[in-house]
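Chains as they are written, first to last, in the working numbering: chain A, 1 to 108; chain B, 109 to 276.
Inspection log for the structure reproduced underneath, given as structure tokens.
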């Protein structure tokens with residue numbers, strides 16, 4: 001069997017495509033899952049995918065700015081996780097459920 | 109070698125990401141997300157971002173995911189209930205093919221826009237060190253950096269106010 005034609009270095013487009021794939025997986029998880037914690041984790045997956053794009057473009061442009069932006073995304077994600085999980089705790093305390101389909105007081 | 113490493117870690121990231129969606133128990137999803145974050149940290153390292161790779165492991169996989177696992181344990185979150193498929197049936201069967209088609213389109217566009225000769229060579233980008241990032245953070249980005257400290261303070265206060273026990 002001949003060796004697989006693997007290039008010596010991965011092209012930049014592979015990284016960007018992987019970022020798109022992970023972002024799409026995050027969107028799919030956000031739409032499909034019904035547990036509020038899993039929905040929240042899908043958002044984190046999307047943030048991670050965007051971070052990969054930032055780092056890739058930072059490599060391409062030979063500038064450190066992409067790293068700074070992805071650092072800020074991490075900071076915002078940490079703040080968002082703290083507040084979001086506190087909201088989830090409050091929702092669970094008041095409604096005794098984590099299913100987003102049952103949290104429909106604002107519907108209609 | 110670089111391409112092989114990329115393929116290994118990209119495969120780990122994608123498999124863990126798919127597992128995140130498919131698992132019905134939140135703790136399995138959380139562990140899959142930690143897998144995605146670990147693989148992404150390795151990819152950041154390949155791209156020359158050593159500081160960001162370390163921050164990814166410490167902040168994301170370490171702090172944020174521990175918070176998630178804490179809440180999952182605290183709320184004793186179990187497996188999702190199966191809700192009857194009403195309006196979602198169409199989305200359930202058309203969603204995955206549409207997603208794959210969309211991703212194919214995106215991949216094609218990226219391949220056609222980004223020149224194929226643009227390769228990622230490990231060690232070529234040397235500005236990802238803590239020194240360079242710290243320098244940029246405390247000169248060019250000083251104001252945003254200080255603003256994030258205010259943001260985090262507000263987030264902490266908000267979390268405490270939201271999650272405290274009501275005293276009647």
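Glycine residues also receive a C-beta, built at the ideal position from the N, C-alpha and C atoms.
Own chain partners of residue i with C-beta closer than 8 Å, once the 5 adjacent residues on each side are dropped
{"i": "residue 173 of chain B", "result": "138, 141, 142, 145"}
{"i": "residue 64 of chain A", "result": "58"}
Unbroken alpha helix (DSSP H) run spanning residue i, endpoints
{"i": "residue 243 of chain B", "result": "238–246"}
{"i": "residue 48 of chain A", "result": "36–61"}
{"i": "residue 249 of chain B", "result": "Note, residue 249 of chain B: premise wrong, no alpha helix (DSSP H); not H, not E."}
{"i": "residue 33 of chain A", "result": "Here residue 33 of chain A belongs to no alpha helix (DSSP H), and DSSP marks it neither H nor E."}
{"i": "residue 67 of chain A", "result": "65–95"}
{"i": "residue 143 of chain B", "result": "134–154"}
Contact with chain A by residue i, beta-carbon distance below 8 Å
{"i": "residue 120 of chain B", "result": "no"}
{"i": "residue 168 of chain B", "result": "yes"}
{"i": "residue 242 of chain B", "result": "no"}
{"i": "residue 174 of chain B", "result": "no"}
{"i": "residue 188 of chain B", "result": "yes"}
{"i": "residue 228 of chain B", "result": "yes"}
{"i": "residue 156 of chain B", "result": "yes"}
{"i": "residue 260 of chain B", "result": "yes"}
{"i": "residue 210 of chain B", "result": "yes"}
is_contact[residue i, chain B] using C-beta, thresh 8 Å
{"i": "residue 70 of chain A", "result": "yes"}
{"i": "residue 107 of chain A", "result": "no"}
{"i": "residue 41 of chain A", "result": "yes"}
Closer than 7 Å at the beta carbon, the chain A residues around residue i
{"i": "residue 249 of chain B", "result": "68"}
From the options, residue whose alpha carbon lies closest to that of residue i
{"i": "residue 218 of chain B", "options": "A/14, A/9, A/8, A/77", "result": "A/14"}
{"i": "residue 238 of chain B", "options": "B/221, B/150, B/183, B/160", "result": "B/160"}
{"i": "residue 24 of chain A", "options": "B/133, B/126, B/132, B/115", "result": "B/126"}
{"i": "residue 66 of chain A", "options": "B/233, B/260, B/267", "result": "B/233"}
{"i": "residue 183 of chain B", "options": "A/73, A/87, A/76", "result": "A/87"}
{"i": "residue 75 of chain A", "options": "B/164, B/266, B/187", "result": "B/164"}
Proximal residues to residue i (C-beta, below 7 Å), its chain only, five neighbours per side dropped
{"i": "residue 110 of chain B", "result": "154, 228, 229, 230"}
Interface partners of residue i on chain A, CB under 8 Å
{"i": "residue 197 of chain B", "result": "Here the premise fails: no neighbours, minimum Cβ distance about 13 Å."}
Residues that residue i contacts on chain B, provided the C-beta gap is smaller than 8 Å
{"i": "residue 83 of chain A", "result": "263, 266, 267, 270"}
Contacts of residue i in chain B (Cβ-Cβ under 9 Å)
{"i": "residue 95 of chain A", "result": "Per Cβ cutoff of 9 Å: no residues; residue 95 of chain A is ~12 Å from chain B at best."}
6 Å Cβ shell around residue i - same chain, five flanking residues per side excluded
{"i": "residue 100 of chain A", "result": "34, 36"}
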